[in-house]
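As structure tokens, the structure follows; a few thoughts come after it.
There are 2 protein chains.
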Amino acid sequence: MFQLDLKSRKSIYEQVVDNMKELIISGVLKPEDKLPSVRELSKTLTVNPNTVQKAYRALENQGYLYTVAGLGTFAACPDTNIRDERLINVIRDRIRSDLKELFYLGMSQEEVSALLKELLTERGGWK
Amino acid sequence: MFQLDLKSRKSIYEQVVDNMKELIISGVLKPEDKLPSVRELSKTLTVNPNTVQKAYRALENQGYLYTVAGLGTFAACPDTNIRDERLINVIRDRIRSDLKELFYLGMSQEEVSALLKELLTERGGWK
DNA sequence: TGAAGTGTACCATGAGATATAATACACTGT
DNA sequence: ACAGTGTATTATATCTCATGGTACACTTCA
């Protein structure tokens, strides 16, 4: 499913959160798809079940998956997230900061514009 | 200069890094501008000098400032960072991931495109 | 020369986060 | 009943974070 980087500064449960979130928002895990169980994933990654559970709970709080007692955890239906404007603003700020840094690193307005256009056309590959 | 958020999940030194980095890449601190000394900033933020020093060292390693023994720390000249392609790729991946999330949250291709265009035109306000 | 301000390097300590281990319980499906 | 699921709890060890305190080498300026 994905690999852990034990040499990373990121904590393990944080890596699980990021990797799982990436699988969900990129559509690899489609809405209502079943995720690996806590115990199964902990065995796969050779990690403590508590660590996986902590990651799953964080993802549930952020709305990326939901849980059914006794059944398992599933990728959320993004329709439920009725346009979280607050989160959109957070992302906008993040992108703004990234653009500033690209300019700081010496890229021109045209180069940045081209980079963004390229990322947008990649869109076909995701969806 | 900037404020700390003690309720944040981010560590203090991490907040110092992010805030100072923002001041540098946004041009508030221009190349060769002097930064507050370790002791001065630690007094301003009522934080331990060691914490500020840790942040400054991190920023120096990342190339955002430089140090002269006995003189102080200064904002770096980005010309020195001759187009760090590695860092640019990291940023590109971050933006790509953010765009995926915007789509996941229900934004259309046109809306995302408009958002990016708006961020690019803001550019005048930064530089 | 001396004093003040600068970055840097230690060491020690407490608080909190992280990851682990081991149990236990309630729920669902077959 | 049974196996698989999420969840909760307790305990422990380790690491990072932040602090306090001290010391040293360097620069500038009176």
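Protein chains in written order, with numbering that gives the first Met the number 0: chain X, 0 to 126; chain W, 0 to 126.
Where a beta carbon is used, it is the ideal one built from N, C-alpha and C, also for glycine.
Being a predicted model, the structure only gives us computed values, none of them experimental.
What are the residues in the region 92-116 of chain X lying within 8 angstroms of chain W by C-beta distance?
Contacts with chain W (Cβ-Cβ distance below 8 angstroms) from the region 92-116 of chain X involve Arg-93, Ile-94, Arg-95, Ser-96, Asp-97, Leu-98, Lys-99, Glu-100, Leu-101, Phe-102, Tyr-103, Leu-104, Gly-105, Met-106, Gln-108, Val-111, Ser-112, Leu-114, Leu-115, listed in chain order.
CB of Leu-118 of chain W within 8 angstroms of CB of Ile-87 of chain X, strictly:
The answer is no: Cβ separation not under 8 angstroms.
Is Met-19 of chain W a contact residue of the ligand ZN, with contact defined as CB to any heavy atom under 7 angstroms?
Annotation note on the ligand ZN: not contained in the displayed structure, which lists no ligands.
Which term fits Met-19 of chain X, buried or exposed, when burial requires 16 or more other beta carbons within 10 angstroms of its beta carbon?
buried
Does the region 53-68 of chain X come within contact of the region 106-121 of chain X, defined as at least 3 CB pairs closer than 8 angstroms?
no
CA-to-CA distance, Glu-13 of chain X to Leu-44 of chain X, given in whole angstroms
14 angstroms
Rounding to the nearest angstrom, what Cα-Cα distance links Lys-6 of chain X and Val-15 of chain X in this structure?
14 angstroms
Is any beta-carbon of chain X found at less than 8 angstroms from that of Ser-25 of chain W?
yes
For Asp-17 of chain W and Lys-33 of chain W, I'd like the C-alpha separation in whole angstroms.
Each residue's alpha carbon lies about 18 angstroms from the other.
According to DSSP, simplified to helix, strand and coil, what is Phe-102 of chain W?
helix
Quick one: grab the DSSP three-state call for Tyr-12 of chain W.
helix
Endpoints, beta strand (DSSP E) assigned at Leu-64 of chain X:
Counting along the chain, the beta strand (DSSP E) containing Leu-64 of chain X begins and ends at 64-67.
Ala-74 of chain X to Leu-3 of chain X span [Cα, whole Å]
21 angstroms
Taking the beta carbon of Val-51 of chain X as the centre, do at least 16 other beta carbons fall within 10 Å, making it buried, or is it exposed?
buried
Relative to the C-alpha of Glu-31 of chain X, which candidate in X:Arg-38, X:Ile-23, X:Val-37 has its C-alpha closest?
X:Ile-23
One or two residues paired with Gly-71 of chain W in a DSSP bridge:
W:Val-67
For Leu-86 of chain W and chain X, any beta-carbon pair shorter than 8 angstroms?
Taking Cβ atoms only, chain X reaches closer than 8 angstroms to Leu-86 of chain W, which makes this a yes.
Excluding the five sequence neighbours on either side, which residues of its own chain have a C-beta within less than 6 angstroms of the C-beta of Cys-76 of chain X, listed in chain order?
Pro-30
DSSP-derived helix/strand/coil call for Lys-33 of chain X
DSSP places Lys-33 of chain X in strand when its eight states are reduced to three.
From this set, X:Thr-120, X:Val-46, X:Asp-83, X:Ser-107, which residue's C-alpha is nearest Ile-11 of chain X's C-alpha?
X:Val-46
Let me check understanding here. Comparing Cα to Cα, which of W:Val-89, W:Leu-104, W:Arg-91, W:Arg-82 lies closest to Val-89 of chain X?
W:Leu-104
Please check if any C-beta of chain W sits within less than 8 angstroms of the C-beta of Leu-119 of chain X.
yes
Hey, is Glu-31 of chain W's beta-carbon within less than 8 angstroms of any beta-carbon in chain X?
no
Lys-99 of chain W beta carbon less than 8 angstroms from that of Ser-25 of chain X
yes
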